[in-house]
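Trainee: In my numbering, the protein residues as written are 9 to 404. All C-beta atoms, glycine included, are put in the ideal place defined by N, C-alpha and C.
Take a look at the structure:
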């Protein structure tokens, strides 16, 4: 871990102005203190602020549209139960109001004698949409392309499986555009339609080709959603909240619903931000590799990011630290990477200071921890061990 006082930001860190002469004007549109930041002098009572700001965030996401379908019956089934040495993993599926059924894994230690705290392991984006939950869970006959992905971003670990071995129940689901919820290219007219029809392409090659095609599919989905007044972020946080509805309803015998946390890397970190901001059932949160002030990203770093982050008018109302602080005063850990190429270092430092100030104003200064690591964009073993220790302290 890096001491924040030892971090130096070089001039080149800000990057080039992606929009040329327009960049400075666009940056000027982002307020230093957003109107729905708890740092605004408008707010003094933290719970009044949370109630009002949460409504505004829900409006930006158009979450009310998705919530119309919150009561859709699950019609769930358990597809298979995997028996590992120290853990059990249930592979389940349930209905969604639109699109294919959601599939997920619930992993927990064997010989459970009391209710367990639940961790929601939120899979990343990573430009890898063929799989979702499998990126954080152990599966049999793992394709090489998935194994190499885990080695690059997780030091070869299966995050959810590691958490379960430490005494947690762990939930991992696919969300919109990923895994079981991905777009079936057999209906889109692409040259590879499905693996059965193209059996001369091996699985690793097929996955690679799908992930390339899925870049455009995400853009098409985002443009369609925006045209309809919807957001990808709204759809995804709805699916994450619905997964909590499901698991707390069907697994009450092993899960302590008063001890729920969430964790995610990169796009999973964004999911962690949104879920913990909007769902009071989440009592502690870990965000890995997804934090910066938006002002520092405009003109240099937004180009690296998923359409899921592109929420119309967001920066005029909230900064990223403001959104995750809606989880406050509950405990929050953010893990930053000083060599992260997709987030400006100055933006990470500014976000960290803003979160410190927010939690201090709340009167819960010790409930926010920011850890900086001398590493690129990843969730390595050292970071995972720190996160695990912190989650255990919060929930066990």
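Taking residue 308 as the reference, which of 355, 338, 194 and 216 has the closest Cα?
Mentor: If you number the chain shown from 1, residue 308 lands on position 300. Closest option to residue 308, Cα to Cα, is 355.
Trainee: If you follow the beta strand (DSSP E) that residue 370 is part of, which residue opens it and which one closes it?
Mentor: The residue you call residue 370 lines up with position 362 of the chain shown. Not the beta strand (DSSP E): residue 370 falls in the alpha helix (DSSP H), residues 353-370.
Trainee: Output the distance between the C-alpha atoms of residue 402 and residue 339, rounded to the nearest integer angstrom.
Mentor: Here residue 402 refers to the residue found at position 394 of the chain shown. Here residue 339 refers to the residue found at position 331 of the chain shown. Between residue 402 and residue 339, the C-alpha separation is close to 7 Å.
Trainee: Near residue 77, what residues of its chain come up, given a Cβ to Cβ distance below 7 Å and the 5 sequence neighbours on each side ignored?
Mentor: Start at 1 with the first residue of the chain shown, and residue 77 comes out as number 69. Cβ neighbours of residue 77 beyond the five flanking positions: 105.
Trainee: Taking contact to mean 3 or more Cβ pairs, one atom from each stretch, closer than 8 Å, check whether the region 115-134 and the region 167-186 are in contact.
Mentor: Contact between the region 115-134 and the region 167-186 is present, because at least three Cβ pairs lie under 8 Å.
Trainee: If you measure between the beta carbons of residue 283 and residue 248, is that distance less than 7 Å?
Mentor: Against the chain shown, residue 283 aligns to sequence position 275. Against the chain shown, residue 248 aligns to sequence position 240. The answer is yes: Cβ separation under 7 Å.
Trainee: DSSP has residue 112 in a bridge; who is on the other side?
Mentor: Locating residue 112 in the chain shown gives position 104, counting from the first residue. BP columns for residue 112 point to 100 and 181.
Trainee: Applying the 10 Å Cβ sphere with the 16-neighbour rule, what's the burial state of residue 94?
Mentor: The count along the chain shown starts at 1 and reaches residue 94 at position 86. By the 10 Å Cβ count, residue 94 comes out exposed.
Trainee: What residues in its chain sit with their C-beta under 6 Å from that of residue 341, if we drop five residues either side in the sequence?
Mentor: Within the chain shown, the letter at position 333 stands for residue 341. Cβ within range, chain order: 294, 377 and 398.
Trainee: Using 8 Å for Cβ pairs, my map puts residue 382 next to residue 275. What's the rounded Cβ distance?
Mentor: Stepping through the chain shown from its first residue, residue 382 is reached at position 374. Stepping through the chain shown from its first residue, residue 275 is reached at position 267. Rounded, the Cβ-Cβ distance is 23 Å, inconsistent with contact.
Trainee: Whole-angstrom Cβ separation of residue 89 and residue 96, contact assumed at under 8 Å?
Mentor: Along the chain shown, read from residue 1 onward, the residue named residue 89 stands at position 81. Along the chain shown, read from residue 1 onward, the residue named residue 96 stands at position 88. That belief holds up - the Cβ atoms of residue 89 and residue 96 are roughly 7 Å apart, short of 8 Å.
Trainee: Just to confirm, is the Cβ distance from residue 254 to residue 92 under 7 Å?
Mentor: For the purposes of this step, residue 254 is taken as the residue at position 246 of the chain shown. For the purposes of this step, residue 92 is taken as the residue at position 84 of the chain shown. Contact: no.
Trainee: Can you tell which of 190, 214 and 135 has the C-alpha that lies nearest to the C-alpha of residue 223?
Mentor: For the purposes of this step, residue 223 is taken as the residue at position 215 of the chain shown. Ranking the options by Cα distance to residue 223, first place goes to 135.
Trainee: Return the first residue and the last residue of the beta strand (DSSP E) that residue 314 is part of.
Mentor: Reading the chain shown from its first residue, position 306 is the one you call residue 314. It is not in any beta strand (DSSP E) - residue 314 carries neither H nor E in the DSSP assignment.
Trainee: Go through its chain and collect everything with a Cβ distance to residue 227's Cβ below 8 Å, but skip five positions before and after it.
Mentor: Within the chain shown, numbered from 1, the residue matching residue 227 stands at position 219. 315, listed in sequence order.
Trainee: Beta-carbon within less than 7 Å of residue 153's beta-carbon, same chain only, minus the 5 sequence neighbours each way: which residues are those?
Mentor: Counted from its first residue, the chain shown places residue 153 at position 145. Answer for residue 153: 212, 215 and 216, listed in chain order.
Trainee: When you compare only the Cα positions, how much space is there between residue 311 and residue 260?
Mentor: Sequence index remark: in the chain shown, residue 311 carries index 303 (1-based). Sequence index remark: in the chain shown, residue 260 carries index 252 (1-based). Approximately 43 Å, taken between the alpha carbons.
Trainee: Enumerate, from N- to C-terminal direction, the unbroken beta strand (DSSP E) stretches of 3 or more residues contained entirely within the region 116-171.
Mentor: Listed in chain order, they are 124-130.
Trainee: Which full runs of the alpha helix (DSSP H) of 4+ residues lie inside the region 29-107, going along the chain?
Mentor: Counting whole runs of 4 or more residues, the region 29-107 contains the alpha helix (DSSP H) stretches 31-36, 54-69 and 71-75.
Trainee: Take residue 256 and list the residues in its own chain whose beta-carbon comes closer than 7 Å to its own, dropping the five residues that flank it on each side.
Mentor: Locating residue 256 in the chain shown gives position 248, counting from the first residue. So the qualifying residues of the chain are 263 and 265.
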